[in-house]
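Here the structure comes first, spelled out in structure tokens, and everything after it is commentary.
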Amino acid sequence: MSDLSGPELLLAGAYAAIGVGAAVRPSIVPALFGGSAGTPEARTEVRAVYAGIPLALSAAVVRASTAAPPRREGVLSVVRDASAGMALARLGGAVLERRLRPWPTGAFLVLEAALAVAASRARGS
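In this note's numbering, each residue carries its 1-based index in the sequence shown increased by 12.
As structure tokens, then:
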């Protein structure tokens, strides 16, 4: 049985929630940003990326919680860097577009940055 720390529980829970939401209601993902997923292919793509990757990150955090410290730290480093990368890419996009609205872009930027911090704290660095 895994022994998740508080930050690991936050990471696993947040990424699981994102993944399940995208898997169950894939059309909501582009709708949040003013787009649509009107075809089966588009919804499958949303599920693959916006459900598959977060679910994989969540599962990796849970599995690593019982692993040897080097493996656990490696997994948490990857989750930290992926989360930070998403936040930085979102910020870069907002700069290029010269627009950053609080919802939804700003909220997701804050969430991704918070998840990067949580992964860093869980790792102990």
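Even for Gly, the Cβ is constructed at its ideal location relative to N, Cα and C. From a predicted model like this one, the values you see are computed outputs, not experimental measurements.
Pairwise C-alpha distance: residue j and residue i
i, j, result
"ALA34", "PRO81", "31 Å"
"LEU21", "LEU88", "12 Å"
"GLY105", "MET98", "10 Å"
"THR56", "PRO38", "8 Å"
"PRO116", "VAL90", "25 Å"
"PHE120", "PRO66", "14 Å"
"VAL122", "GLY50", "28 Å"
"SER48", "VAL36", "15 Å"
"ALA126", "ILE40", "22 Å"
"ALA28", "LEU100", "21 Å"
"ASP15", "PHE45", "36 Å"
"ALA79", "GLY118", "35 Å"
Residue burial classification, residue i (beta-carbon count within 10 angstroms, cutoff 16)
i, result
"GLY31", "buried"
"GLU109", "exposed"
"SER70", "buried"
"ALA63", "buried"
"PRO52", "exposed"
"ARG113", "exposed"
"ALA24", "buried"
Integer-rounded CB distance, given that residue j should sit under 8 Å from residue i
i, j, result
"PRO42", "VAL58", "7 Å"
"SER95", "ALA54", "So it is not a contact: roughly 25 Å between Cβ atoms."
"GLY92", "ALA131", "According to the sequence shown, residue 92 is Arg rather than Gly. The pair is a contact, with the Cβ atoms about 4 Å apart (cut-off 8 Å)."
"ARG102", "PRO19", "Not confirmed; about 21 Å, so no contact."
Original post:
Counting Cβ pairs closer than 8 Å, one from the stretch 96-111 and one from the stretch 68-87, do we hit at least three?
Top reply: With a cut-off of 8 Å, the stretch 68-87 and the stretch 96-111 do not count as touching, because too few Cβ pairs lie within range.
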